[in-house]
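Engineer: Residues are numbered in my numbering as their position in the sequence shown, beginning at 1, plus a constant of 613.
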Amino acid sequence: MWLRPEEVLLKSALKLWVTEKSNQYFLLQRRRGYGEGGGGITGLLVGTLDTVLDSTAKVAPYRILHQTPDSQVYWSIACGASLEEISQHWEWLQVNIMRTLSVFDSGDDITSFVQGKIRGLIAEESKSGGGDEDPEGFREAVLRFERLFGLPKREKLVTYFSCSYWRGRVPNQGWIYLSTNFICFYSYLLGNEVKLVFSWDEVSRLERTSSVLLAESIRVSVRGEDHFFSMFLRLQQTFLLMQQLADYAITRLFDKETFSTDHPLSDPLHITQRALEVHARNQAFRAFFRLPQGENLCEVYESFLWVPFSHYNTLGKVCVSERYLCFASQDGSQCHLIIPLREVVSVELPDRSSRALSVGVRGKRAFRFSEVRDFERMAATIRRKCFNSSSPQHSASAQLPLCDDEEDVMVGQTQAAVSTEALMNVFHPHDAENLDPKMLKERMKEQSWQIHFAEYGRGSGMFCTKKTRALVVRGVPETLRGELWMLFSGAVNDMATHPGYYTTLLDECMGSSSLACDEIERDLHRSLPEHPAFQTDTGISALRRVLTAYAHRNPKIGYCQAMNILTSVLLLYAKEEEAFWLLVAVCERMLPDYFNRRIIGALVDQAVFEELIRDHLTALTDHMTDLSFFSSVSLSWFLTLFISVLPIESAVNVVDCFFYDGIRAVLQLALAVLHYNMDSLLCCNDDAEAVTILNRFFDNVTNKDSPLPATVQQASATANNKPAQSVDISDLVREAYERFGEIRWEEVENMRKRNKLYVIQTLEETTKQNVLRVVAQDVKFSASQLEELYLLFKRQHFISCYWSVCSPALQNHDPSLPYLDQYQLGQSQFAALFHLLLPWTPNTHSHTRSHSHTHSHLHSLARSAFRLADENADGLVNFKEFICTLDILYNGSFTEKLKFLFKLHLQPGGPVCKPFGPSASTFPAEELSISTRFSECTDDGVIKKSPERGRGKIDLQEYLKQWQDELQKKEENIKDLPRIKQTQFVRLSKTLYSVFHGDDEEESLYRAVARVTSLLLRMEEVGRRLQDNSPTKTPQTTPQTPPQTNPDTPADSAPTPLTPEPSSGGDHFPKSPQPDPDFSPSDTSHTLPTSPTSTTTSSPTGTSSSAIDTPADTPGDASAAGEDWSFSFEQILASLLNEPAVVRFFERTIDAHTLIENASRNQLRDTH
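Below is the structure:
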């Protein structure tokens, strides 16, 4: 690698470097401690220095220096990791530079010329590489990364940092390397080398910790083991990058339902540190301001914003994206503002002395920003983006009424094809003449909001301050609820920028049939069935349209339970199209990953909830031995935003707070519920009693200010006929904010990221344990071996996904499938892993030609094994099918292994063989769903089929009967196997040669195969001649040859072959085969010769094999007859059982532990 020329004082480096080559202008040197001898103590010291100081020599132990003849100053111009690499640079200098240097007279001119050439080479390499990192330092790190860890060159190094790895109380100073798929560490101190390589998909915990010994460190948990890394500088930056890389890998590999191919980091080969930082910044920007997914932060300015009516300037940051201008204050007022650029009508610079600009919007409103450092650039940026936003797509918003219009401010383009009224207005219209006390309080709330609108604005561009939050906590008026939900959630912007989108979706999806549509129809009448709006077709039809349209918009989610309950409440207070966009905001932004098959988002928030309980409710934590109880109880709270446990008139107050503060409001309320019932929960003796206490509490939560009539309210009138203290929802919400209001949004987001790794790895661990429990019944591997093999199988699946944007293997992982089918391998993946674990791997030090042939043949063997293991012929093999195949090779008897090899060589289109393994075609009762893909069970216990298998109920009795029949089936009898044909038998013989290749008894094994081959051919020829001489000739059949198995003999017992006795006068059976030294297994023809005469060959090295020669007295018609030759498995088994060397080879104990360790060590290297 060429280096930017730097001065080197050669005198001080003589003890660290050894000169290998030199000429008048250049030196090629080797670092002490590398190469021959290792350098002894000097090498240890040098290696330690290189690791700690991260010198260039640690990257490459070879370097080239440029020297000027009359100076002690030398210039480093190249380095290399190997002698071959540095020699290429040396040769290039000899050919391209040395001849030119003789022209110059001055040493300074020579040095200038050499430096210019080297810098030009580096510039060309940087241009072709396209990297945005430091072209020299980062390239050195890449070389070091590739040399130290042996990962494929496709693996993209993102960044690296100096750090210490702690083993107990001993620090190991070294370097941590963060790549797209791996976290690596290397340290070398006084001969003690530490090398760690973990894939991100194995990380279960990643967090910053502190202890007495370590002020602060990063804890990484992998497979239940904790690893601690500390550093003096850039700890937070390192942690954030690690968090992003881990989240990226987890989302891309495990949670593909939420990973889009349009993801900005979708290509793992082009991820950089800068790209990760930009992506994290955009994510935080969108989440804080509730903006659509496509918005990216373009520019940030520090500025003061004038807050009208409060008469003060608040300091904060102005964030400009493609379609929005946002402001967030930095002081305690928590003021934020969102201005859609489509609403901007003017940008002016009123006062240059105060560096101010004024942004005017529709409705005769203006926002004044002052003390902006680059205010002219900010004004130009806003003008440019306003022009880009004024496209036909946004023309509909120009026809909206001004913000003074109370009725239609939050509505986009009205669609006549759908309901244009909120269901609450239809079934409980607002009565202005009602003077009920509750209605008076409702009007007081409305007046408070009207005053707020007058001071802080209304609709898009409204200031959100502490006063806004206080009004939300008190409860939003019924008439303003839909409008404010749209504003706080950001759904108003989605609707305004997508006019007509909802109607188009309805036109596309209504009337179609899918699994989601079936599930929606099933749950329609379970959504708030006690409310009058959903007892008529009006509400049911609106609910059906909204849910169906969203399922069509987002097929990755489709429809999930709890969506119907949430959508029902949205339809009560929002128009149909508004309810649709509110549902989009909830599912895709505010509650990410909640509504999918594994509800990962809800489980993550359950883990966050547990963490908050430990921090804020210590008395409850000390009393409860397991906090997971609260997670299971509170799951419905989070999925339905308390709608399923609270009366509707109280639950809507929770929804108000949720749309304003997000999940933080739900967490605060859940903590408040536990705190309110603390004394009762501390007295509980079991979980059932705690559930009863919480359910009774929710039954007594009321909303005394609700104006809804009794027919709509759901609160229990008698409270279970027991006197109980009622709790007003407003008081409960206010207490939640007062007691737990210090929980910040940033804190919740960090806890979400931290717990997501743990939740997904817990789900993966559950999958692994269920798979191993099922598979362990049918194989002889130990529990630890099975676990290691499962991890190898899983990693083999991921290897093909690591460096591919759209790997087909990603589609093979489906968490919604039964446990056994969640991970499956295709043919190429199976062949790679099968070859790694094959117990008969050839010796790599054998002859090249023979080894190449053997290696190719073993790959063909792997393809045949895949075809045999793939029972359902879908092109995929699950773990059970794979492990049953491997169990035969590792733990099977001689007969089972030979039967396996025999099956591999039968024609694919021939008679179908039963799958190998004792229960390969069976499935236990708890895994009944393996054979077909089911949806979730309904509440009444009925299991529905998937759409691929049609609709209707499954006959469980029929499945149980099939399962019982399978269990009663006996193992496949060897008499059931079809006969192997001529060409297939040749391939079987070649497979045996490949299997025996490199074994210590290779020569005797080759002779044994040759004898068996000769014997079988001669017996077959005898049978054919007897058949030809028989009066009743049947040319299409071959008589049974002497070696027979008694029909009553079990399949695994050894049949007694009829071995022919040598005869001096016989012409058919020679006394002993003679070797032919000119033959090798690779020369074997793919078609059998026509003569029964066979000889064996054995070279002194033991690398030859049997040969089948054609004698001169072969009958003329033997060739045609030979095409019909075939052998039964019984014949082959009987003949091989008479060869002790072969029997010993196949019955030899396999060292499974060593083979699994080697496969784990070489799995990544074989992907080069």
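Where a beta carbon is used, it is the ideal one built from N, C-alpha and C, also for glycine.
Quick check: the Cα distance between Asn781 and Glu829, rounded to an integer number of angstroms?
Structural biologist: Correcting the residue identity first, residue 781 is Gly in this sequence and not Asn. Roughly 15 Å separates the two Cα atoms.
Engineer: Taking all protein chains shown into account, do 16 or more other C-beta atoms lie within 10 angstroms of the C-beta of Val1314, making it buried, or fewer, making it exposed?
Structural biologist: Buried: at least 16 other Cβ atoms inside 10 Å.
Engineer: DSSP state of Glu838, grouped into three classes?
Structural biologist: Strand, per DSSP.
Engineer: In angstroms, rounded to a whole number, what distance separates the CA positions of His1007 and Ser942?
Structural biologist: With a pLDDT of 40 at His1007, under the threshold of 50, the predicted position of this residue should be treated as unreliable, though the coordinate-derived value follows. Distance between the alpha carbons of His1007 and Ser942 is about 29 Å.
Engineer: Nearest-angstrom Cα distance between Glu1132 and Tyr1172?
Structural biologist: 7 Å
Engineer: Could you give the C-beta distance for Leu1383 and Tyr1432, rounded to a whole number, given that I count them as a contact under 8 Å?
Structural biologist: It is worth fixing the name first, because residue 1383 is Asn in this sequence and not Leu. At roughly 4 Å, the Cβ-Cβ gap stays under 8 Å, so Asn1383 and Tyr1432 are in contact.
Engineer: Write down the C-beta distance between Lys1369 and Ile863 rounded to the nearest angstrom, noting that I regard them as a contact closer than 8 Å.
Structural biologist: 7 Å
Engineer: Using 8 Å as the cut-off, can you tell me whether the segment 630-648 makes contact with the segment 673-685, which would need three or more C-beta pairs spanning the two stretches below that distance?
Structural biologist: yes
Engineer: Assign Asn1316 to one of three DSSP states: helix, strand, or coil.
Structural biologist: coil
Engineer: If you draw a straight line from the C-alpha of Phe1222 to the C-alpha of Ser1244, how long is it?
Structural biologist: 7 Å
Engineer: Given Phe841, which residues of its chain have a CB within under 6 Å of its CB, disregarding the five upstream and five downstream residues?
Structural biologist: Trp779, Ser830 and Arg832
Engineer: With three or more beta-carbon pairs closer than 8 Å as the criterion, would you say the segment 1340-1352 touches the segment 1261-1268?
Structural biologist: yes
Engineer: Helix, strand or coil: which one does DSSP assign to Gly693?
Structural biologist: strand
Engineer: Bridge partners for Phe980 per DSSP, in chain order?
Structural biologist: Val972.
Engineer: With Trp1358 as the anchor, note down where its alpha helix (DSSP H) starts and where it stops.
Structural biologist: Trp1358 to Val1388
Engineer: What residues in its chain sit with their C-beta under 7 Å from that of Arg1157, if we drop five residues either side in the sequence?
Structural biologist: Ile1133 and Leu1137
Engineer: Report the rounded CA-to-CA distance for Ala1198 versus Pro784, giving the unit in angstroms.
Structural biologist: Counting only the Cα atoms, Pro784 lies some 48 Å from Ala1198.
Engineer: Name the DSSP beta bridge partners of Gly929, please?
Structural biologist: Ser916 and Ser942
Engineer: What are the start and end residues of the alpha helix (DSSP H) that includes Tyr1069?
Structural biologist: Pro1050 to Tyr1069
Engineer: With H, G and I counted as helix, E and B as strand and the rest as coil, what does DSSP make of Cys1296?
Structural biologist: Here Cys1296 sits in coil by DSSP.
Engineer: If we ignore side chains and look at the alpha-carbon of each, how far apart do Ile1276 and Gln1219 end up?
Structural biologist: 11 Å
Engineer: Whole angstroms is fine: what's the gap from Val835's alpha carbon to Glu815's?
Structural biologist: 6 Å
Engineer: So, does the segment 973-986 touch the segment 1070-1082, judging by three or more C-beta pairs under 8 Å?
Structural biologist: yes
Engineer: Which whole-angstrom value is the C-beta distance of Val1182 and Val1268, which I expect to be below 8 Å?
Structural biologist: 6 Å
Engineer: In the DSSP assignment, find the unbroken alpha helix (DSSP H) run with His1448 in it and report its ends.
Structural biologist: Gln1440 to Leu1450
Engineer: I believe Lys968 touches Glu984 by the beta-carbon criterion, under 8 Å. Please report the beta-carbon distance rounded to the nearest angstrom.
Structural biologist: According to the sequence provided, residue 968 is Arg. The question's Lys does not apply to it. The pair is a contact, with the Cβ atoms about 6 Å apart (cut-off 8 Å).
Engineer: What's the gap between the Cα of Arg1082 and the Cα of Tyr1273?
Structural biologist: 8 Å
Engineer: Out of Glu768, Lys766, Leu853 and Gly720, state which residue places its alpha-carbon closest to the alpha-carbon of Phe774.
Structural biologist: Nearest C-alpha to Phe774: Leu853.
Engineer: With Phe1271 and Val1258 assumed to form a contact (beta carbons below 8 Å), what rounded beta-carbon distance in angstroms separates them?
Structural biologist: With a Cβ gap of about 14 Å, Phe1271 and Val1258 do not count as contacting.
Engineer: Pull up the CB-CB distance for Gln1409 and Leu1451, whole angstroms please, since I reckon it's below 8 Å.
Structural biologist: Rounded to the nearest angstrom, the Cβ distance from Gln1409 to Leu1451 is 14 Å, too far for a contact under 8 Å.
Engineer: Comparing C-alpha positions only, which one of Val1392, Ala1445 and Asp1391 sits nearest to Lys1407?
Structural biologist: Among Val1392, Ala1445 and Asp1391, the Cα nearest to that of Lys1407 belongs to Ala1445.
Engineer: Between Arg847, Gly837 and Leu1449, which lies nearest to Ser777 when the distance is taken from Cα to Cα?
Structural biologist: Arg847
Engineer: Given 8 Å as the limit, is there contact between the segment 891-906 and the segment 1185-1205, that is, 3 or more CB pairs closer than that?
Structural biologist: Output reads yes: the segment 1185-1205 touches the segment 891-906.
Engineer: Classify Ile1178: buried if its beta carbon has 16 or more other beta carbons within 10 angstroms, exposed otherwise.
Structural biologist: Buried, since its Cβ has 16 or more Cβ neighbours within 10 Å.
Engineer: Contact defined as beta carbons within less than 8 Å: I believe Tyr1503 pairs with Ala1765. What is the distance between those atoms, to the nearest angstrom?
Structural biologist: Between the beta-carbon of Tyr1503 and that of Ala1765 there is about 5 Å, and that keeps the pair under the 8 Å contact cut.
Engineer: What are the uninterrupted segments assigned as alpha helix (DSSP H) that are 4 or more residues long and contained completely in the segment 694-730, given in chain order?
Structural biologist: The segment 694-730 is shown to contain whole alpha helix (DSSP H) runs of 4 or more residues at 696-709 and 711-714, in chain order.
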